[in-house]
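Asks:
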Amino acid sequence: MKEMSPLEEIRHSAAHVLAAAVLRLYPKTQLDIGPPTESGFYYDFDSEIPFTPEVLLEIEEEMAKVIKENQRFERLEVSRDEAISMISEMNQTTYKIGRLEDIPHGETISFYRNGEFLDLCAGSHVSYTKKIKAFKLLHVAGSYHRGDSSQKQLQRIYGTAFPTKEELAQHLARMEEAKKRDHRVVGKDLGLFHIDEQVGQGLVLWKPNGAIIRQELEGFITEQLNQQGYSQVYTPHIGKLDLYRTSGHFPYYQDSQYPPIIHRECLEKLAQEGCTCSELSNQLEKGEIDGYLLKPMNCPMHIRIFKSEQRSYRDLPVRLAEFGTVYRWEQSGELNGMTRVRGFTQDDAHLFIREDQLQDEIQGCLSLVKMVFSTLGMNEYRVRVSLRDPESDKYVGAPEAWDKAEEALRKAVHSLGVEYEEELGEAAFYGPKIDFVVQDVIGREWQLGTVQVDYNLPERFDLTYVGSDNQDHRPVMIHRAPFGSMERFCGVLIEHFGGNFPTWLAPEQVRLLPMNDDLIPFAEDCLQKMREKGVRASVDGQSAKLGAKIRRAETDKIPHMMIIGKREAEEDKVSIRSRSNPELDGSHTIDSAVLAITQEISTKSLPKLRASVS
Ligand SMILES: [Zn+2]
Ligand SMILES: [Zn+2]
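Take 1 as the starting number for the sequence shown in the working numbering and just add one per residue.
1) Just the C-alpha distance for residue 471 and residue 316, rounded to the nearest angstrom, thanks.
2) Using the three-state DSSP reduction, which class does residue 612 fall into: helix, strand or coil?
3) Which of helix, strand or coil does DSSP assign to residue 181?
4) Residue 333 lies in the alpha helix (DSSP H); which residues open and close that run?
5) Assuming residue 358 and residue 476 make a contact with CB atoms under 8 Å, what is their CB distance in whole Å?
6) Who sits around ligand 2, taking every residue whose Cβ is closer than 5 Å to one of its heavy atoms?
7) If you follow the beta strand (DSSP E) that residue 514 is in, where does it begin and where does it stop?
8) Since I believe residue 327 is in contact with residue 294 (beta carbons under 8 Å), could you give me their beta-carbon distance rounded to a whole number of angstroms?
9) Counting only the same chain and skipping the five closest in sequence on each side, list residues whose C-beta sits under 7 Å from that of residue 324.
10) Might you give, ordered along the chain, the residues of its own chain that have their beta carbon closer than 7 Å to the beta carbon of residue 62, omitting 5 neighbours on each side?
11) Looking at the unbroken beta strand (DSSP E) that takes in residue 402, where does it start and where does it end?
12) Where do the N-terminal and C-terminal ends of the beta strand (DSSP E) with residue 452 fall, by residue?
13) Do you know whose CA, among 55, 599, 479, lies nearest residue 533's CA?
14) For residue 386 versus residue 412, is the C-beta distance shorter than 8 Å?
15) For residue 183 and residue 492, what's the separation of their Cα atoms in angstroms?
16) Listed in chain order, which residues are found with a beta carbon closer than 6 Å to a heavy atom of ligand 1?
17) In chain order, which continuous runs of the beta strand (DSSP E) of length 3 or greater are located wholly inside the segment 114 to 163?
18) Is residue 426 helix, strand or coil when you go by DSSP?
19) Run through the DSSP bridge pairs and tell me what residue 350 is partnered with.
20) Is residue 623 helix, strand or coil when you go by DSSP?
21) Once the 5 residues before and after residue 70 are set aside, which same chain residues still bring their CB inside 8 Å of it?
22) Can you tell me the Cα-Cα spacing of residue 120 and residue 41, whole angstroms?
23) So, are the CB atoms of residue 448 and residue 436 less than 8 Å apart?
24) Measuring alpha carbon to alpha carbon, tell me which residue in 554, 505, 248 is nearest residue 215.
25) Can you name, in chain order, every residue of its own chain whose Cβ lies under 7 Å from the Cβ of residue 180, other than the five neighbours on each side?
26) In the structure shown, what three-state DSSP assignment does residue 15 receive?
27) In whole angstroms, give me the CA-to-CA distance for residue 194 and residue 485.
28) Decide if residue 141 is buried, meaning its Cβ has at least 16 other Cβ atoms within 10 Å, or exposed.
29) Would you mind giving the Cβ-Cβ distance between residue 455 and residue 397, rounded to the nearest angstrom? I have them listed as a contact below 8 Å.
30) My output table needs one value for residue 35: the three-state DSSP class, helix, strand or coil.
31) When DSSP labels each residue in this structure, what does residue 51 get in the three-state scheme?
32) Which residues in the same chain as residue 602 place their Cβ atom closer than 6 Å to its Cβ, once the five residues preceding and following it in sequence are excluded?
33) Tell me the rounded alpha-carbon separation between residue 160 and residue 3.
34) Verify whether the separation of the beta carbon atoms of residue 49 and residue 126 is less than 8 Å.
35) Residue 305 and residue 233: beta carbons closer than 8 Å?
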């Protein structure tokens with residue numbers, strides 16, 4: 001019997017109650033399966049009745065009755081023949097017989113009964129239905145039997161359940177909050193980015209407002225990199241297939257890449273020879289035809305930069321950084337706004353180091369991440385350290401080198417006082433790594449980037465440096481893209497801030513609101529003063545009531561409004577209304593207002609972040 005956590009038992013039991021309720025209301029329904037999920041449960045049904053929101057309410061009511069009856073969950077272990085006749089008696093042969101056949105011979109076959117309902121099920125369950133104290137049906141989605149689109153489409157009812165009503169209410173509030181913060185919605189409302197069918201799925205167009213946020217972030221990260229002794233480089237978007245054959249990215253990962261670009265002459269020649277597609281891909285894989293690949297990874301190009309000069313032990317570490325754009329072929333079903341895309345710009349860097357520098361360099365990477373996270377108010381995050389499986393021999397690099405690297409990773413993480421967990425056997429074959437998982441203000445976790453040690457590519461590219469002994473030595477490489485990509489990171493930030501960016505990141509930092517048209521010239525003067533100090537501001541010169549202008553600025557999530565009335569203009573003053581403080585502050589001259597705002601920008605101070613749910 002598979003052990004479930006107490007919460008999973010509640011949720012899985014709720015799934016059985018759901019199926020029981022559906023059968024009471026719609027006895028002809030055929031059941032498939034109903035497991036617990038990370039945040040609730042679902043059950044897949046084959047029914048002629050479309051499960052509309054009204055029907056869901058009806059089912060919920062019936063579920064409440066089943067729970068109130070306080071039925072006992074009873075486990076029955078049976079033989080295969082008994083199982084078949086039980087399924088037949090329940091008229092559930094369409095899917096359940098197939099599910100029964102999935103159970104390997106010799107394994108226990110069990111059913112769970114509650115009231116009149118009986119389901120083929122490994123368990124486990126709560127003891128009585130009344131233990132399901134709080135549940136809710138959420139929505140219905142189409143789902144194919146066994147996830148196979150050639151099979152019949154079923155109706156999947158999603159729901160969730162909790163041990164207490166309070167926890168359920170909190171969860172629902174969090175879902176509501178997440179919907180409001182959805183980066184696809186906020187990104188559209190604030191003009192941050194656009195994905196255009198004609199450009200291509202998964203390819204992000206950064207609109208002017210989004211471009212400002214990205215520039216600010218890149219500038220901030222670059223500043224940190226400069227302080228840590230990184231060198232910026234630029235590399236092209238395509239490279240020869242041969243480069244990626246050397247690195248191993250082609251042909252092994254070609255399913256996740258855009259297809260290669262082949263010379264026109266070569267294509268024409270192949271066409272004349274009547275070459276078929278499979279012959280072409282064969283020749284490409286073998287290297288008989290060359291071509292180019294849209295860059296799936298930046299590393300090979302940074303490696304060629306390292307290799308373009310002779311390096312001595314004194315030159316190391318060499319730290320090459322680039323906001324490098326790469327292209328990956330994600331399945332269209334996997335694409336999601338900015339967080340799952342086909343073209344993205346990594347905050348990438350490659351460090352070429354001596355073994356004795358490993359710990360310091362890893363520590364440097366971590367302190368950069370810590371700095372950026374704390375600046376953005378992401379104070380809840382954890383670190384995963386992926387280590388090798390000591391039983392396996394699939395790893396490249398000497399075991400002693402791995403021991404040292406793993407120890408260096410541990411020490412680096414430890415010295416930063418970051419919470420971390422070690423995962424044995426999760427390392428790539430070419431080196432141990434560190435992953436970052438941040439929690440946003442509403443408690444959702446986002447996996448961002450990695451710091452990865454690599455013993456493989458230095459071998460494949462035969463990288464060397466001259467040691468103090470005048471001999472050639474192999475450097476170790478570190479790949480690090482701590483925020484993953486600018487697209488994903490911005491998507492996460494949009495949801496984290498709900499569009500209410502701190503002033504230094506806000507596309508428009510100040511909006512000037514003249515109370516009537518006569519005051520526009522004074523507002524324009526103020527605007528000029530702000531622009532001179534680098535503040536991003538605009539004047540709302542439309543003829544509208546002040547109230548309407550304020551509402552518009554609020555919808556646009558502008559951190560500061562400066563209201564200009566007749567009295568203000570006469571006294572050379574402005575009244576400030578801030579997002580964090582809607583009380584009008586009339587104490588500022590235009591100069592002192594500009595000073596206060598530039599200070600807020602330069603210290604990168606954070607807006608009040610806490611969401612209404614915790
Ligand atoms: Zn079950
Ligand atoms: Zn890399």
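Glycine included, C-beta positions come from ideal geometry on N, C-alpha and C.
Replies: This is what the structure gives:
1) Working through the sequence shown from its first residue, we reach residue 471 at position 471. Working through the sequence shown from its first residue, we reach residue 316 at position 316. Looking at the two C-alpha atoms, the distance is approximately 15 Å.
2) On the sequence shown, residue 612 is found 612 positions in, with the first residue counted as 1. Only weak support is given to the placement of residue 612: the predicted model assigns it a pLDDT of 45, under 50, and the value that follows is read from those uncertain coordinates. Judged by DSSP in its simplified three-state form, residue 612 adopts coil rather than helix or strand.
3) The count along the sequence shown starts at 1 and reaches residue 181 at position 181. Three-state DSSP puts residue 181 in a helix.
4) Along the sequence shown, one-based indexing puts residue 333 at 333. If you look at residue 333, you'll find it isn't in any alpha helix (DSSP H); DSSP assigns it neither H nor E.
5) Stepping through the sequence shown from its first residue, residue 358 is reached at position 358. Stepping through the sequence shown from its first residue, residue 476 is reached at position 476. Going by Cβ atoms, the distance from residue 358 to residue 476 rounds to 6 Å, so yes, they are a contact pair.
6) Selection output, chain order preserved: 299, 479.
7) What you label residue 514 is simply residue 514 of the sequence shown in a count that begins at 1. Taken as a continuous stretch (DSSP letters only), the beta strand (DSSP E) holding residue 514 covers 510 to 514.
8) Position 294 of the sequence shown, counted from the start, is the residue given in the question as residue 294. Position 327 of the sequence shown, counted from the start, is the residue given in the question as residue 327. The distance from the Cβ of residue 294 to that of residue 327 is about 4 Å, consistent with a contact at the 8 Å cut-off.
9) Against the sequence shown, residue 324 aligns to sequence position 324. Answer for residue 324: 235, 298, 345, 346, 348, listed in chain order.
10) Position 62 of the sequence shown, counting from 1, holds the residue named residue 62. If we look at residue 62 and ignore the five residues flanking it on each side, its Cβ neighbours are 21, 24, 25.
11) Against the sequence shown, residue 402 aligns to sequence position 402. Element bounds for residue 402: not the beta strand (DSSP E) but the alpha helix (DSSP H), 399 to 415.
12) Looking up residue 452 in the sequence shown gives position 452. Counting along the chain, the beta strand (DSSP E) containing residue 452 begins and ends at 445 to 454.
13) By one-based count along the sequence shown, residue 533 stands at place 533. That would be 599, whose Cα lies nearest to the Cα of residue 533.
14) Mapped onto the sequence shown, residue 386 falls at position 386. Mapped onto the sequence shown, residue 412 falls at position 412. Residue 386 is not a Cβ neighbour of residue 412, given a cutoff of 8 Å.
15) Translated into the one-based positions of the sequence shown, residue 183 becomes position 183. Translated into the one-based positions of the sequence shown, residue 492 becomes position 492. Spanning the two alpha carbons is a distance of roughly 7 Å.
16) Residues flagged by the Cβ proximity filter: 12, 16, 112, 119, 121.
17) Runs of the beta strand (DSSP E) inside the segment 114 to 163: 117 to 120, 134 to 144, 153 to 162.
18) As a first step, residue 426 is located in the sequence shown; it is residue number 426 there, counting from the start. Coil, per DSSP.
19) Counting from one through the sequence shown, the residue named residue 350 turns up at place 350. Residue 350 is bridged to 320, 479.
20) This structure does not reach residue 623, given that the chain is present from 1 up to 614, and the question cannot be answered.
21) Counted from its first residue, the sequence shown places residue 70 at position 70. 128, 129, 130.
22) For the purposes of this step, residue 120 is taken as residue 120 along the sequence shown, with counting starting at 1. For the purposes of this step, residue 41 is taken as residue 41 along the sequence shown, with counting starting at 1. Distance between the alpha carbons of residue 120 and residue 41: 17 Å.
23) The residue you call residue 448 lines up with position 448 of the sequence shown. The residue you call residue 436 lines up with position 436 of the sequence shown. With contacts defined by Cβ atoms closer than 8 Å, residue 448 and residue 436 form a contacting pair.
24) Reading the sequence shown from its first residue, position 215 is the one you call residue 215. The residue from 554, 505, 248 with its alpha-carbon nearest to that of residue 215 is 505.
25) The sequence position of residue 180 within the sequence shown is 180, counting from 1. Apart from sequence neighbours up to five positions away, the residues of its chain that approach residue 180 with a beta-carbon distance below 7 Å are 498, ordered along the chain.
26) If you number the sequence shown from 1, residue 15 lands on position 15. Assignment of residue 15 by DSSP, reduced to helix, strand and coil, places it in the helix class.
27) Against the sequence shown, residue 194 aligns to sequence position 194. Against the sequence shown, residue 485 aligns to sequence position 485. Approximately 17 Å, taken between the alpha carbons.
28) In the sequence shown, the residue the question calls residue 141 occupies position 141. Its Cβ having fewer than 16 others within 10 Å, residue 141 is exposed.
29) Residue 455 sits at position 455 when you count from the first residue of the sequence shown. Residue 397 sits at position 397 when you count from the first residue of the sequence shown. The pair is a contact, with the Cβ atoms about 3 Å apart (cut-off 8 Å).
30) Within the sequence shown, numbered from 1, the residue matching residue 35 stands at position 35. Coil, per DSSP.
31) As a working note, residue 51 is residue 51 in the sequence shown. Coil.
32) What you label residue 602 is simply residue 602 of the sequence shown in a count that begins at 1. So no residue of the chain qualifies.
33) Looking up residue 160 in the sequence shown gives position 160. Looking up residue 3 in the sequence shown gives position 3. Their backbone Cα atoms lie some 19 Å apart in a straight line.
34) Translated into the one-based positions of the sequence shown, residue 49 becomes position 49. Translated into the one-based positions of the sequence shown, residue 126 becomes position 126. Not a contact, by the Cβ cut-off of 8 Å.
35) In the sequence shown, counting from the first residue as 1, residue 305 sits at position 305. In the sequence shown, counting from the first residue as 1, residue 233 sits at position 233. A contact, by the Cβ cut-off of 8 Å.
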